[in-house]
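Asker:
2 protein chains.
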Amino acid sequence: MSRPLDAQMAFLQEADRLKSVLRATTLGNGSRRENSGEHSWHIALYALILGDHAGPGVDPSRVIRMLLIHDLVEIDAGDAPIFGDQDAAALAAEEDAAAQRIFGMLPEAQGAELLALWREFEAAESPDAVFAKSLDRLQPPMQNLASGGGSWIEYNVSPETFEARVGSKIKRGAPGIWDWAWPRFKAWFDQRAKTGG
Amino acid sequence: MSRPLDAQMAFLQEADRLKSVLRATTLGNGSRRENSGEHSWHIALYALILGDHAGPGVDPSRVIRMLLIHDLVEIDAGDAPIFGDQDAAALAAEEDAAAQRIFGMLPEAQGAELLALWREFEAAESPDAVFAKSLDRLQPPMQNLASGGGSWIEYNVSPETFEARVGSKIKRGAPGIWDWAWPRFKAWFDQRAKTGG
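Sequences listed follow chains A and B, in order.
Here my numbering = 1-based position in the first sequence + 308.
Here my numbering = 1-based position in the second sequence + 308.
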């Protein structure tokens with residue numbers, strides 16, 4: 309007879325594969341690309357530390373849960389760099405299929421609950437999801453600042469592209485954090501423009 | 309004037325260094341050692357998935373917070389392999405000094421709260437800490453099972469040493485999970501004894 313623990317432990321072992329999915333951003337010291345497992349830890353820690361900057365109606369513990377599972381679909385669908393040129397609709401379909409397969413490994417009620425939580429994150433409409441998305445957008449540019457440019461250089465990103473794809477999402481969920489961060493990001497882009505990079 | 313976000317973002321960038329601390333256990337596919345950042349994500353996910361197996365009085369959200377921060381001290385003190393021969397008292401002192409430095413980077417009230425949470429985990433007395441410790445002990449042998457032996461082989465671990473240093477801790481905080489896991493671990497040790505490993 310199959311027991312809940314059989315399914316739960318198989319899911320947790322499957323999740324281990326996320327540590328092998330590489331992202332466009334690097335560690336702060338620039339030594340290597342970071343993987344989606346350690347990234348997921350880092351932004352869950354962002355949520356733990358920055359919860360007080362969330363808007364009304366946000367439950368930081370729920371945001372942490374959301375962020376712990378938000379990238380699991382990349383086990384099947386891979387990481388789509390924010391400055392890349394993927395087909396958004398095709399990627400969304402691929403990620404939803406991945407979510408159904410991966411959360412479908414769990415006992416039925418638990419799998420359904422986490423699939424719903426993941427879809428809520430993706431939809432980016434609820435207060436929790438909007439805040440979670442803003443943290444997911446905030447961590448990569450902070451890594452870029454620390455490493456001296458990172459994916460901004462690799463993808464030759466303009467400040468306009470950065471504001472449209474990243475800044476707007478940070479501002480929406482965490483305007484206070486954006487006010488703190490934007491002058492720092494802008495200083496990097498201004499410096500790069502000055503040196504003709 | 310220093311603002312909370314200055315301190316919080318400096319702390320989050322310091323935390324990034326945990327991704328460069330390597331552990332004795334490997335990824336499930338055995339391809340490389342895992343680092344303490346991705347390990348922290350994995351066991352926070354263990355807590356999210358296995359919360360229903362906790363004893364009375366355990367708050368899974370609090371356990372997740374505990375596990376997200378439990379290894380940060382390794383940025384200064386390094387990872388002490390469970391089957392290694394470290395001086396426990398010296399290590400405890402080194403880790404407590406690390407906790408004071410690292411959580412001391414945060415705004416005062418927040419730093420004090422997380423230092424207390426970390427010390428609660430280390431003391432392993434409260435229901436939350438006992439459950440968190442059991443998950444922290446459970447994940448490495450699950451990795452070893454997946455990879456075909458891992459640190460059990462590297463440290464030539466006997467089933468008696470495993471039960472004393474690891475099994476007893478898993479059993480204390482999560483007896484139901486231990487009942488599920490022990491026959492699987494035992495089968496590995498039995499097989500190794502049979503093949504003279």
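Even glycine gets a Cβ: it sits at the ideal position worked out from N, Cα and C.
What three-state label does DSSP hand T469(B) in the structure shown?
Answerer: Looking at T469(B) - three-state DSSP - the assignment turns out to be helix.
Asker: At 8 Å on the CB atoms, spell out the chain A contacts of I510(B), in chain order.
Answerer: With chain B covering only 309 through 505, there is no way to say anything about residue 510(B).
Asker: Leaving out five residues before and five after R331(A) in sequence, what residues of the same chain have Cβ atoms less than 7 Å from its Cβ?
Answerer: Closer than 7 Å at Cβ, skipping near neighbours: R341, E342, N343, S344, H347, D387.
Asker: Excluding the 5 residues flanking P435(B) on each side, which residues of the same chain have their C-beta closer than 8 Å to its C-beta?
Answerer: Once the five neighbours on either side are set aside, the close Cβ partners of P435(B) are A362, G363, P364, G365, V366.
Asker: Below 7 Å CB to CB, which residues in the same chain sit around Q408(A) once its five sequence neighbours on both sides are set aside?
Answerer: Around Q408(A): L423.
Asker: Can a CB atom of chain A be found closer than 8 Å to the CB of S476(B)?
Answerer: Taking Cβ atoms only, chain A never reaches closer than 8 Å to S476(B), which makes this a no.
Asker: By DSSP, does E322(A) sit in helix, in strand, or in coil?
Answerer: Correct three-state label for E322(A): helix.
Asker: Report yes or no: is there a C-beta of chain A within less than 8 Å of the C-beta of E430(B)?
Answerer: No, no contact with chain A.
Asker: Considering just the uninterrupted stretch of the beta strand (DSSP E) at R311(A), what are its terminal residues?
Answerer: Careful: R311(A) lies outside any beta strand (DSSP E) and carries neither H nor E.
Asker: At the 8 Å Cβ level, is E421(B) part of the contact set with chain C, yes or no?
Answerer: Absent from the structure is chain C; the protein chains it does hold are A and B.
Asker: Does DSSP classify N343(B) as helix, strand or coil?
Answerer: The answer is strand: DSSP assigns N343(B) an E or B state.
Asker: On the DSSP letters alone, give me the boundaries of the beta strand (DSSP E) that A432(A) sits inside.
Answerer: That residue, A432(A), is in no beta strand (DSSP E); it is neither H nor E in DSSP.
Asker: With H, G and I counted as helix, E and B as strand and the rest as coil, what does DSSP make of L443(A)?
Answerer: Helix, per DSSP.
Asker: Would K441(A) and A432(A) qualify as a contact pair, given that the criterion is a beta-carbon distance under 8 Å?
Answerer: A contact, by the Cβ cut-off of 8 Å.
Asker: From M309(A) to K477(A), what does the alpha carbon distance come to, in whole angstroms?
Answerer: Only weak support is given to the placement of M309(A): the predicted model assigns it a pLDDT of 47, under 50, and the value that follows is read from those uncertain coordinates. So the alpha carbons of these two residues sit roughly 47 Å apart.
Asker: Measure the CB-CB distance between L375(A) and A323(A) and report whether it falls below 8 Å.
Answerer: Their beta carbons are not under 8 Å apart, which means L375(A) does not touch A323(A) by this criterion.
Asker: I want to verify the contact list: residues of chain B whose CB lies under 8 Å from the CB of Q316(A), in sequence order.
Answerer: What Q316(A) touches in chain B: I357, L358.
Asker: Following the continuous alpha helix (DSSP H) through L414(A), name the residue where it begins and the one where it ends.
Answerer: Premise fails: L414(A) is in no alpha helix (DSSP H) and is neither H nor E.
Asker: Can you find a C-beta in chain B that's less than 8 Å from the C-beta of L330(A)?
Answerer: No - not a single Cβ of chain B is within 8 Å of the one on L330(A).
Asker: Take every Cβ of the segment 491 to 503 of chain A, pair it with every Cβ of the segment 391 to 398 of chain B, and state whether three or more of those distances are shorter than 8 Å.
Answerer: Verdict: no, contact absent.
Asker: Determine, for K327(A), whether the minimum Cβ-Cβ distance to residues of chain B falls below 8 Å.
Answerer: With 8 Å as the cut-off, K327(A) counts as an interface residue toward chain B.
Asker: Starting from L330(A), follow the alpha helix (DSSP H) in both directions and report where the run begins and ends.
Answerer: Counting along the chain, L330(A) falls outside any alpha helix (DSSP H), though it belongs to the beta strand (DSSP E) covering 330 to 334.
Asker: Smallest Cα separation from F429(B): which of I485(B), L335(B), R370(B)?
Answerer: Per the Cα distances, R370(B).
Asker: So, is T503(A) buried or exposed, given that buried needs 16 or more other C-beta atoms within 10 angstroms?
Answerer: The residue in question, T503(A), is exposed, as its Cβ has fewer than 16 Cβ neighbours within 10 Å.
Asker: Distance cutoff 8 Å, beta carbons only. Does Q321(A) sit that close to anything in chain B?
Answerer: Q321(A) counts as touching chain B.
Asker: Can you pull the chain A neighbours of G336(B), defined as C-beta to C-beta under 7 Å?
Answerer: Per Cβ cutoff of 7 Å: Q321, D324.
Asker: Could you name the residues of the segment 453 to 469 of chain A whose beta carbon sits closer than 9 Å to any beta carbon of chain B, in the order they occur along the chain?
Answerer: Listed in sequence order: L453, A454.
Asker: Anything in chain B within Cβ reach of M450(A), meaning under 8 Å, just list it in chain order.
Answerer: In chain order: M317, L320, Q321.
Asker: What does a CB cutoff of less than 6 Å around R486(B) pick up in its chain, not counting 5 residues either side in sequence?
Answerer: As written in the sequence, residue 486(B) is Trp, which differs from the Arg given in the question. Here the set comprises I478, K479.
Asker: Give the C-beta separation of L358(B) and L443(B) to the nearest angstrom, bearing in mind that I take them to be a contact with Cβ-Cβ under 8 Å.
Answerer: The pair is a contact, with the Cβ atoms about 7 Å apart (cut-off 8 Å).
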